[in-house]
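Numbering (the numbering used here), first residue to last: 13 to 120.
C-beta atoms are modelled at their ideal positions from N, C-alpha and C, and glycine is treated no differently.
Below is one structure, written out as structure tokens, with a few remarks after it.
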């Protein structure tokens, strides 16, 4: 399993527009080989800013890397230039390979 995460620091006055940009964007992730799940996370507010993180799970890092080179990635990020105006500083990317996984028990 591979987790790809980007963190964004957004001012309070840009938070609604930032959320709208993400919630209204076209995604083709569900049709992408190796894609497992996506979450856009909203973190704490501190000093007039809100921390957000996009969190994408992939079967392997190779699946993630292949997606970043494909057309669906370009389509999903066509409005990314607009997002740069809504968050402060550089987006921080972090990638992680799972070394352990524990899932919830499924009811019998």
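- Contact check for residue 39 and residue 116: beta-carbon distance about 25 angstroms, past the 8 angstroms limit, so the pair fails to qualify.
- DSSP, read as helix, strand or coil, puts residue 38 in coil.
- DSSP places residue 16 within a strand segment (E or B) once states are collapsed to three.
- Of the residues 29, 31, 57 and 79, the one whose Cα lies closest to the Cα of residue 47 is 79.
- Checking the DSSP bridge columns, you'll see residue 97 has no partner listed.
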